[in-house]
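Worksheet: the structure to be examined is printed underneath.
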Amino acid sequence: MDLIINRVNGGKGLWEKTGVYQDAIVFYSEEHKGSWRHDFDKLPFKGSLKIEGKTIFNYVFHDTFFEIQEVLGSGKLSEWQEVKISRIFCD
8 MDLIINRVNG GKGLWEKTGV YQDAIVFYSE EHKGSWRHDF DKLPFKGSLK IEGKTIFNYV
68 FHDTFFEIQE VLGSGKLSEW QEVKISRIFC D
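Going by the working numbering, 16 is the number at position 9 of the sequence shown; the sequence numbering is gapless.
Pasting the structure below:
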């Protein structure tokens with residue numbers, strides 16, 4: 008699994024309009040040649056990463072940890088793994 012996972016908070020424009028900083032998970036994979044941004048507003052947050060409609064990863068983001076599960080080529084699911092993510096604050 009070659010995913011880089013970041014939690015991104017920020018957005019000065021949104022803050023000025025709504026008083027809320029956007030919260031998102033951003034995934035990047037060299038193997039799959041792509042990046043995905045999933046916005047969320049509450050935890051836990053569950054989702055899937057898809058390429059051309061095919062799920063490649065499932066994930067759950069809890070308040071203090073992140074779990075991910077890979078969908079293997081055979082269609083079987085890997086075990087859930089707890090992974091570390093970085094947090095980025097931006098304007």
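All C-beta atoms in this analysis are idealised placements derived from N, C-alpha and C, irrespective of residue type, glycine included.
query	result
Three-state secondary structure assigned by DSSP to TRP43	strand
Straight-line gap, ASP98 to TRP87 (C-alpha atoms, nearest Å)	33 Å
Close beta carbons around LYS19, own chain, < 6 Å, minus the five adjacent residues each side	ASP98
First through last residue of the alpha helix (DSSP H) which encompasses LEU21	19-25
Bridge partners - TYR66, DSSP secondary structure assignment	GLY54, ILE75
Neighbour-count burial assignment, TRP22, 16 or more Cβ in a 10 Å radius	exposed
Burial state of LEU84, where buried means 16 or more other Cβ atoms lie within 10 Å	exposed
Length of the line joining the Cα atoms of GLU37 and PHE68	22 Å
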